[in-house]
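J.: Quick one: the structure is below, questions incoming.
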Amino acid sequence: MKLDANVSAVVTGASKGLGAATAIRLASLGVKVALLDLDAEAGESLARQIGGVFCAADVTSDESVERALARARQANGQERILVNCAGVVHAHKSAGRDKLTGAVRHYPMAEYERVIQVNLLGTFRCIAKSAAGMLALDRLPGGERGAIVNTASISADEGQMGQAAYAASKAGVAGMTLPIARDFAGEGIRVNAIKPGFFDTPMLRTGPEHVRRALEASVPFPKRVGEPGEFAHLVEFLLTNDYMNGECVRLDGAVRMSPR
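Just so you know, we're using our numbering here: the sequence shown kicks off at 4 and counts up by one.
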């Protein structure tokens with residue numbers, strides 16, 4: 004797919020981090036970009052900077068996603084591109100003892116469900132509703148109607164201690180990539196996913212400095228965390244290489260996560 008002003012894109016989780024970098028890169032190529040997120044202040048600010056449109060969206064809600072897509076389509080036309088970056092992180096052992104009191108605790112089920120709702124079901128919700136709109140588009144010269152890129156994680160392959168919810172949610176994203184690509188094959192919609200490793204996102208920046216240093220030290224090469232722009236670069240590749248379909252691509256500097 005050629006990325007230019009004739010193409011419209013929807014990016015979820017677009018107000019910051021990987022989603023923001025993706026929105027910026029697509030806009031720089033001339034693509035009409037709709038930024039979907041809960042953070043209206045950051046999302047509207049970025050939309051103004053790149054000439055996009057911000058659409059408030061809660062990916063756990065059918066009605067919210069439908070309203071956001073309707074607004075995006077009113078502004079930019081039916082999207083040919085969907086990039087799912089919306090996600091949350093929550094860490095807690097499945098069950099264990101409190102280090103101070105010895106009291107037995109288990110993973111709060113409400114938090115577990117929230118991670119699954121946002122990361123897995125939210126991703127699928129956006130795929131289904133966006134793809135339904137893509138079906139009305141004419142095919143491009145190569146037969147393509149659209150392309151979707153999802154965000155999984157290296158935790159899908161080697162989840163760490165405390166990541167039972169997060170790893171399960173991202174393994175779900177990775178696991179549904181091929182079946183959905185096969186679902187859409189006859190309609191000319193490609194589906195791929197990225198499994199990012201450690202990236203310089205707001206979530207990482209707000210954490211302790213020693214944690215960042217430890218993460219950087221664990222990466223074989225380059226010995227640093229990834230830049231959001233490098234994620235966006237891979238998104239561009241997956242969108243423009245018409246033979247890439249049904250794949251989950253690791254982007255991690257060759258790191259493999261330890262148990263903790």
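Virtual Cβ for every residue (Gly too), placed ideally from N, Cα, C.
Using C-beta distances below 6 Å, list every residue in its chain close to S158, excluding the 5 sequence neighbours before and after it, in chain order.
T.: The residue you call residue 158 lines up with position 155 of the sequence shown. Within the same chain, S158 has close Cβ partners Q166, Y169, A170 and K173.
J.: Residues bridged to F202 by DSSP?
T.: Along the sequence shown, read from residue 1 onward, the residue named residue 202 stands at position 199. Paired residues: G229.
J.: May I ask you to report which of helix, strand or coil DSSP gives S64?
T.: As a position in the sequence shown, residue 64 is number 61, starting the count at 1. Residue state, collapsed to three classes: coil.
J.: Span of the beta strand (DSSP E) holding D42?
T.: Here residue 42 corresponds to residue number 39 of the sequence shown, with the count starting at 1. For D42, there is no enclosing beta strand (DSSP E), since its DSSP letter is neither H nor E.
J.: Consult DSSP for K35 and reduce its assignment to one of helix, strand or coil.
T.: Numbered from 1 along the sequence shown, position 32 holds the residue referred to as residue 35. Here K35 sits in strand by DSSP.
J.: Could you tell me which of V228, A135 and M260 sits nearest to I183, measuring between CA atoms?
T.: To locate residue 183, count along the sequence shown from 1; it is residue 180. It is A135.
J.: Going by the CB atoms, is the gap between E161 and R263 shorter than 8 Å?
T.: Counting from 1 along the sequence shown, the entry for residue 263 is found at position 260. Counting from 1 along the sequence shown, the entry for residue 161 is found at position 158. In this structure, E161 does not lie closer than 8 Å to R263 by Cβ.
J.: Tell me which residue opens and which closes the alpha helix (DSSP H) that R185 is part of.
T.: As a working note, residue 185 is residue 182 in the sequence shown. Segment A167 to F187, the alpha helix (DSSP H) holding R185.
J.: Could you give the first and the last residue of the continuous alpha helix (DSSP H) run that contains V118?
T.: For the purposes of this step, residue 118 is taken as residue 115 along the sequence shown, with counting starting at 1. Taken as a continuous stretch (DSSP letters only), the alpha helix (DSSP H) holding V118 covers M112 to V118.
J.: Considering just the uninterrupted stretch of the beta strand (DSSP E) at H213, what are its terminal residues?
T.: By 1-based counting over the sequence shown, the position of residue 213 is 210. First-last for H213: E212 to S221, but that is the alpha helix (DSSP H), not the beta strand (DSSP E).
J.: So what's C88 in DSSP terms, helix, strand or just coil?
T.: The sequence position of residue 88 within the sequence shown is 85, counting from 1. Three-state DSSP puts C88 in coil, outside helix and strand.
J.: Would DSSP call V56 helix, strand or coil?
T.: Sequence index remark: in the sequence shown, residue 56 carries index 53 (1-based). Three-state DSSP puts V56 in a strand.
J.: Mind checking S48: buried by the 16 CB within 10 Å criterion, or exposed?
T.: Taking the sequence shown and counting its residues from 1, one reaches residue 48 at position 45. Answer is exposed; the Cβ neighbour count stays below 16.
J.: Taking A8 and A37 to be in contact with their CB atoms under 8 Å, please state how far apart those CB atoms are, rounded to whole angstroms.
T.: As a first step, residue 8 must be located in the sequence shown, where it is residue number 5. As a first step, residue 37 must be located in the sequence shown, where it is residue number 34. The Cβ separation is near 14 Å, so there is no contact.
J.: Could you pull the start and end residues of the alpha helix (DSSP H) that S158 belongs to?
T.: In the sequence shown, counting from the first residue as 1, residue 158 sits at position 155. It spans S158 to E161 - the alpha helix (DSSP H) in which S158 sits, taken as one unbroken run.
J.: By a C-beta neighbour count over all protein chains shown, 10 Å radius and 16 as the cutoff for buried, is S156 buried or exposed?
T.: Walking along the sequence shown from the start, residue 156 turns up at place 153. Result: buried.
J.: Please report the Cβ distance between F201 and V228, rounded to the nearest whole angstrom; I am assuming they are in contact, meaning their Cβ atoms lie under 8 Å.
T.: Translated into the one-based positions of the sequence shown, residue 201 becomes position 198. Translated into the one-based positions of the sequence shown, residue 228 becomes position 225. Right, the Cβ-Cβ distance comes to about 4 Å (below 8 Å), so this counts as a contact.
J.: Who pairs with I151 in a beta bridge, going by DSSP?
T.: Reading the sequence shown from its first residue, position 148 is the one you call residue 151. The partner list for I151 (beta bridge, DSSP) reads L85 and V194.
J.: Quick one: using the 10 Å Cβ neighbour count with 16 as the cut-off for buried, is S31 buried or exposed?
T.: As a first step, residue 31 must be located in the sequence shown, where it is residue number 28. Exposed: under 16 other Cβ atoms inside 10 Å.
J.: Just reading off the alpha helix (DSSP H) that S133 is part of, what are its end residues?
T.: As a position in the sequence shown, residue 133 is number 130, starting the count at 1. Here the alpha helix (DSSP H) through S133 covers G125 to M137.
J.: Would C88 pass as a contact of T154 if the rule is Cβ separation under 8 Å?
T.: In the sequence shown, residue 88 corresponds to position 85, counting from 1. In the sequence shown, residue 154 corresponds to position 151, counting from 1. A contact, by the Cβ cut-off of 8 Å.
J.: So, with DSSP's three-state summary, where would you put V121?
T.: As a first step, residue 121 is located in the sequence shown; it is residue number 118 there, counting from the start. It is helical.
J.: If you measure between the beta carbons of V194 and N248, is that distance less than 8 Å?
T.: As a working note, residue 194 is residue 191 in the sequence shown. As a working note, residue 248 is residue 245 in the sequence shown. In this structure, N248 lies closer than 8 Å to V194 by Cβ.
J.: Look at the alpha carbon of Q120 and the alpha carbon of C129, and state the distance between them as a whole number of angstroms.
T.: What you label residue 120 is simply residue 117 of the sequence shown in a count that begins at 1. What you label residue 129 is simply residue 126 of the sequence shown in a count that begins at 1. Answer to the nearest angstrom: the Cα atoms are 12 Å apart.
J.: What does the Cβ neighbour count give for L138, buried or exposed, with the cut at 16 atoms within 10 Å?
T.: The sequence position of residue 138 within the sequence shown is 135, counting from 1. L138 comes out exposed.
J.: Is the beta carbon of E114 sitting closer than 8 Å to the one on H93?
T.: For the purposes of this step, residue 114 is taken as residue 111 along the sequence shown, with counting starting at 1. For the purposes of this step, residue 93 is taken as residue 90 along the sequence shown, with counting starting at 1. Their beta carbons are under 8 Å apart, which means E114 touches H93 by this criterion.
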